[in-house]
Amino acid sequence: MRRRDFTLAAAASLLAPAAPEAIDKTLRTPAVAESLLKSGFEPMRLSPAEAQKALVEDTAQWTKVIRDNNIRGS
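Counted from 1, the sequence shown has number 284 at position 69 by this note's numbering; the numbering is strictly sequential.
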């Protein structure tokens, strides 16, 4: 069954201690930024509170999808 009433985006996260200056500096270099964009990633930096909120919301959303559709692992 195909559903067309929702959008699904994949995300990759790098969880690190607060204020990871070396990581920020690397992600902002033109070569790394261009490589990420070419690979389909949209780099964004979230505060610890924003990251936690996103993880909690995503977990709740996908838990509901799995339960509502009786999805089971193999």
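Yeah, the Cβ is synthetic: ideal placement off N, Cα and C, and Gly gets one too.
Residue i vs residue j beta-carbon contact at 9 Å
i: Asp-273; j: Arg-260; result: no
i: Ala-237; j: Pro-263; result: no
i: Ala-266; j: Leu-230; result: yes
i: Ala-227; j: Phe-256; result: yes
Proximity test, residue i beta-carbon vs the ligand FMN heavy atom, cut-off 8 Å
i: Arg-282; result: Looking for the ligand FMN in the displayed structure turns up nothing, as the structure carries no ligands at all.
Neighbourhood of residue i by C-beta, 8 Å cutoff - its chain only, sequence neighbours within 5 removed
i: Ala-269; result: Leu-261
i: Ile-286; result: Val-280
Nonlocal neighbours in the same chain, by C-beta distance under 7 Å from residue i, ignoring five residues either side
i: Gly-288; result: none
6 Å CB neighbourhood of residue i in its chain, flanking five on each side removed
i: Ala-225; result: none
i: Leu-251; result: Pro-258
i: Phe-242; result: It is worth fixing the name first, because residue 242 is Leu in this sequence and not Phe. Result list for Leu-242: Pro-258, in chain order.
For residue i, the first and last residue of its enclosing alpha helix (DSSP H)
i: Ser-250; result: 245-253
i: Ala-269; result: 263-283
i: Asp-239; result: 236-242
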